[in-house]
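Sequence positions in the sequence shown follow the working numbering and run 1 to 301.
Note that CB positions come from ideal geometry on N, CA and C, so glycine has one too.
Remarks on the structure that follows.
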Amino acid sequence: MKGFVNIQGKILPIHQAVIPVLDHGFLYGDSVYETFRTCHGTPLQFEEHIDRLFYSAQRLELKMPFPKEKILQETLNTALHYWKKTKKEDLYIRVIVSRGYGDIGFDPKLCPHPLLIIIVKPFIPFPQIYYKTGVKLTFVSIVRNHPKSIDPNIKSGNYLNNILAYLEAKKQGSSIFDALMCNADGYITEGTTSNIFIIKKGKLYTPSLESGILRGLTREFIIRLAKNNHLNVQETKISKAMLLSSDECFLASSLKGILPVTYCKTQTLRKIGSGKPGPMTQKLMSLFDHAITKTCASSSS
């Protein structure tokens, strides 16, 4: 695997990077992280991602190893190092803060030195055919973690809830792209690594934060983008029936952008709308791509 890793300010080729086996991020998933990409060398929603990293750490009472400015700079240093070696401008970046090295046990006092890890590798976009024809989702029996169990806005290294949902989805056929999880009340929350939107009678709907979802940065960007273009947006509870009867549907994330959904499986595979990416989804995709291109152009200038 090509790439570089920054551990506490030291940049190494990805195959040379190691962490202690007693690191609590490895032992317990006691870590927080953010994932984002660059576009022509510009990190997208960079500060927002790092701000959310600090929020996640605060919720876990995890002391940050460096101030925000230092983490921003180390991330840029690592990306620049990769660019100098490869001249590649479109990168995948993952910033992780682990509780750190310490004896086995849950007490945070066992880990006095939290660990900063930054992974930079090539960004590999999803196949273009997915954006042209849409992808297939399936509902799964795995229920999204209840907010009173763990705050869904904490992006932690413990992703078993999502992994189990993904594994169940993949058992339903190789053509299934991802799982759709519901909350304990049966309302839709999100995919395993994406927020979800539906379009019905010209209105854009997405699960409300009260549904128990991650406050996705791309989700928030799309909501602002839609409102700025005079589209009606509603954050609300979304039932399975509402999604299955919708005219259009799409996933949204930092790495996927806007990805159309054209089929969804319950007992059988059901067509969403016409079974093709719809006009409002395509309009939002165009607006989204234009906004990203504009952001990259203004940053580079």
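Per DSSP, reduced to three states, the secondary structure at Gly105 is coil, with no helix or strand assignment.
The Cβ neighbour count for Phe139, taken over all protein chains shown within 10 Å, is at least 16; the residue is labelled buried. In the structure shown, the three-state DSSP call for Ser253 is strand. Here Pro127 carries a coil assignment [DSSP, helix/strand/coil].
Met181 is bridged by DSSP to Glu190. If you keep only unbroken alpha helix (DSSP H) runs of at least 4 residues inside the region 63-121, you get 68-86.
Going by DSSP, Thr218 is part of no beta strand (DSSP E) but of the alpha helix (DSSP H) stretching over 217-228. In the assembly as shown, Asn145 is a buried residue. Its beta-carbon has 16 or more other beta-carbons within 10 Å. Residue state for Asp23 is assigned as strand, using DSSP reduced to three classes. Every unbroken stretch of the beta strand (DSSP E) spanning 3 or more residues and falling wholly within the region 236-282 is given here in chain order: 248-253, 257-265, 269-271.
Shown here for Ile11: same chain residues with a beta carbon closer than 8 Å to its own, the five before and five after excluded, namely Phe4, Val5, Asn77, Thr78, His81 in chain order. The residues Val233, in chain order, have a CB closer than 6 Å to that of Lys227 in the same chain once the five nearest residues on each side in sequence are set aside.
Sequence-distant Cβ neighbours of Leu217 in its own chain, meaning closer than 6 Å and more than five residues away, are Gln45, Glu48. Counting only the Cα atoms, Arg99 lies some 6 Å from Leu62.
Annotation for Lys170: Ile176 place their beta carbon closer than 7 Å to its own, counting only its chain and skipping 5 residues before and after.
About 19 Å separates the CB atoms of Thr268 and Thr133; that is not less than 8 Å, and the two are not in contact. When beta bridges are read from the DSSP output, Lys203 appears opposite Lys200.
If you compare the alpha carbons of Pro43, Gly202, Val120 with that of Lys85, the shortest gap goes to Val120.
The shortest CA-to-CA distance from Pro260 to any of Leu243, Thr281, Gly273, Ser253 is the one to Thr281. The beta carbon of Leu110 lies closer than 6 Å to those of Gly102, Asp103 in the same chain, with the five residues before and after it left out.
If you draw a straight line from the Cα of Val21 to the Cα of Arg94, it comes to about 20 Å.
Assigned with DSSP and collapsed to three states, Lys136 falls in strand. Here Asn229 is exposed. Its C-beta has fewer than 16 other C-beta atoms within 10 Å. Contact between Ser254 and Arg59 fails: their C-beta atoms lie close to 20 Å from each other, not under 8 Å. In this structure, the alpha-carbon of Ser246 lies about 10 Å from that of Lys240. If one requires a minimum length of 4 residues, the alpha helix (DSSP H) runs lying completely within the region 143-172 are 160-170, in chain order.
Taking the C-beta atoms as reference points, Lys265 is found no nearer than 9 Å to Phe126. Excluding residues up to 5 positions away in sequence, Asp178, Ala179, Thr192 lie with their Cβ nearer than 8 Å to the Cβ of Tyr166 in the same chain.
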